[in-house]
Amino acid sequence: MSYDERCLLDQVYTGTDPVLRTFKNSWLPTALKDPATFHQFLANVSLNLYQIQGRTRSKTVSVEHHAIALRTVNSALSDPTSNTADAIIASIVTFVCYCVCREDLAGFDVHIDGLANIIRLRGGIQTLDHNPTLRCMVFGVDLSGACRRDSRPKFPPPDRLVQGIQGAFRDKLKLTLNHVPSPSPRPWANAIPRDRILTKAFDDLLRAINYTKIRTAHNEDWIEVKFIAFWIDPIVHSVLGQGPDTPPIDRPSVVQETTRIGLILFLFKLRRVCGQLGVSTTFFVKKLRTLASTMAWKTLWNTSEPLLLWALYVGMLESWGTEVEEWYTETTAMAAHWMGMKSWDDTLKAVKQFPWIDGVFDDECERSRAGFQDIVSTLEQDVISP
4 MSYDERCLLD QVYTGTDPVL RTFKNSWLPT ALKDPATFHQ FLANVSLNLY QIQGRTRSKT
64 VSVEHHAIAL RTVNSALSDP TSNTADAIIA SIVTFVCYCV CREDLAGFDV HIDGLANIIR
124 LRGGIQTLDH NPTLRCMVFG VDLSGACRRD SRPKFPPPDR LVQGIQGAFR DKLKLTLNHV
184 PSPSPRPWAN AIPRDRILTK AFDDLLRAIN YTKIRTAHNE DWIEVKFIAF WIDPIVHSVL
244 GQGPDTPPID RPSVVQETTR IGLILFLFKL RRVCGQLGVS TTFFVKKLRT LASTMAWKTL
304 WNTSEPLLLW ALYVGMLESW GTEVEEWYTE TTAMAAHWMG MKSWDDTLKA VKQFPWIDGV
364 FDDECERSRA GFQDIVSTLE QDVISP
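With positions in the sequence shown counted from 1, the corresponding number in this note's numbering is that position plus 3.
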């Protein structure tokens, strides 16, 4: 093993970044079983280190291992006795992950289509049921690519695995008032009454949040990629690619699409916190801004006003450091003031009526607090000034 390879594995074993924990706990055991998968695994680790640390050497090492992995897997694919084996699928999965992390959607399409063809030739996705880790990896990388452009994923969630994990907590995850700090235990139900997919997605998210409370109460860490695989990504799968074909123009459609995007942004935040690979919210931050700029303020929101605020607030947190940060801060502050809120604390209290996990987003909230409060204070001063 070369010096660079040892350094990469050392980073994987000792790094504290959530992504590195995911590489160590979820990807490394599979990578060690096959040469092509191992080299592409190292390429993916190097690429993520470059994105985290900005070191040029990491990018160079990533390209080198990617080239080795390509040569190795092409040789393996030429063998008809093993070209649909688990090892081949694992190696292709690492290539798909590489493309997602590089935002190479053309490359993603090539590899995900190849992966789908190999799985078809071996008899379908159910032939991976004997290997739960690989089944989840296939689902995860496919979903991450679909997340980049709001498209429908090719592969279904590992429903049997999900049901098995969630089933152990089913009796403890009831939708009761005690679980939600709100006058209504399901405030989204009134705002989006027509959309069964979205309503179920919010209900499922509430159960997932209740699961984190159970783990926290037992002093157990829930911030890991397994939480995403079994609780969050199935929800993401249900709402991706479900937007309208044309820009919404009527009140119910605007409410539903704004809510869907806000929900996706919130789910993506959890995916990032827990170390899911290739998470980017850029596409949806821009999409939400376009929708709110052109439609939302021309619509009578009525009971949906708090839900609009929640979506904008999540978008504001995700816009930090981007070219649309100022717009989000101003628009969210204006929405809060319009709804009668006069401070940051009042606004956050209203936002927490909807899905939220205390302690997880504190740093992000603190970054946006001052700018938001300045705008609200100015708006309030304009109201009381003669």
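Even glycine gets a Cβ: it sits at the ideal position worked out from N, Cα and C.
The C-beta distance from L268 to T284 rounds to 6 Å, short enough to meet the 8 Å contact threshold. In this structure L208 is in contact with P358, their Cβ atoms being roughly 5 Å apart against a cut-off of 8 Å. When C-alpha distances from A39 are compared across C100, V282, A93, R189, the shortest belongs to A93. Inter-residue distance for L124 and M140 is about 19 Å (C-alpha atoms, whole angstroms). The beta carbons of V228 and T97 sit no closer together than 9 Å.
Listed in chain order, the non-local C-beta contacts of L382 below 8 Å within the same chain comprise A336, M337, H340, local neighbours out to five positions each way being set aside. I95 has its alpha-carbon roughly 7 Å from the corresponding atom of H114. Distance check between S49 and each of V327, Q384, V66, T261 places V66 closest, using alpha-carbon atoms only. Taking a contact to require three or more Cβ pairs closer than 8 Å, the segment 157-171 and the segment 247-255 do not qualify as touching. For A373, the number of other beta carbons within 10 angstroms of its own is below 16, and it is reported as exposed. The alpha-carbon separation between V258 and I378 amounts to approximately 25 Å.
Boundaries of the alpha helix (DSSP H) harbouring W330: 328-341, taken from the DSSP string. Counting the other CB atoms within 10 Å of its CB gives M344 a total of 16 or more, which places it among the buried residues. Under the DSSP assignment, A211 falls in the alpha helix (DSSP H) whose first and last residues are 199-220.
With contacts defined as CB atoms closer than 9 Å, T84 and I121 fail to qualify as a contacting pair. Look at T84 here: in three-state DSSP terms it is coil, with no helix or strand label. Across the structure, W234 and A211 are spaced so that their CA atoms are roughly 6 Å apart. Here the C-alpha atom of V99 lies approximately 20 Å from the C-alpha atom of L11.
Within the segment 258-314, no beta strand (DSSP E) run of at least 3 residues lies entirely inside it. Inter-residue distance for F230 and Q129 is about 22 Å (C-alpha atoms, whole angstroms). With a 10 Å radius around the Cβ and a threshold of 16 neighbouring Cβ atoms, E223 comes out exposed. Rounded to whole angstroms, the separation of the alpha carbons of G244 and L118 is 21 Å. In the structure shown, the three-state DSSP call for Q166 is helix. By the Cβ-count criterion, Y316 is buried, with 16 or more other Cβ atoms from all chains shown falling within 10 Å of its own Cβ.
Under the criterion of beta carbons closer than 8 Å, V354 and V276 do not qualify as touching, at roughly 17 Å. Secondary structure at E8: helix, using DSSP grouped into helix, strand and coil.
Taking a 10 Å sphere around the C-beta of M319, we find 16 or more other C-beta atoms and assign the residue as buried.
Between I264 and L310 the beta-carbon gap is near 12 Å, outside 8 Å, which marks them as no contact.
Cβ contact annotation for P255 (same chain, cutoff 7 Å, sequence separation greater than five): R197, in chain order. Put simply, of V64, S371, D348, S296 the residue whose alpha carbon is nearest the alpha carbon of Y6 is V64. Counted as a single uninterrupted DSSP element, the stretch harbouring K157 is not any alpha helix (DSSP H), since DSSP gives it neither H nor E. Taking all protein chains in view, the Cβ of I200 is surrounded by fewer than 16 other Cβ atoms within 10 Å, so the residue is classified as exposed.
The alpha-carbon separation between W191 and T202 amounts to approximately 7 Å.
D112 and V282 have their C-alpha atoms some 17 Å from each other. In this structure T33 touches T136 by the C-beta definition: roughly 6 Å separates them, less than 8 Å.
Residue environment analysis places D116 among the exposed positions, since fewer than 16 neighbouring C-beta atoms fall within 10 angstroms of its C-beta.
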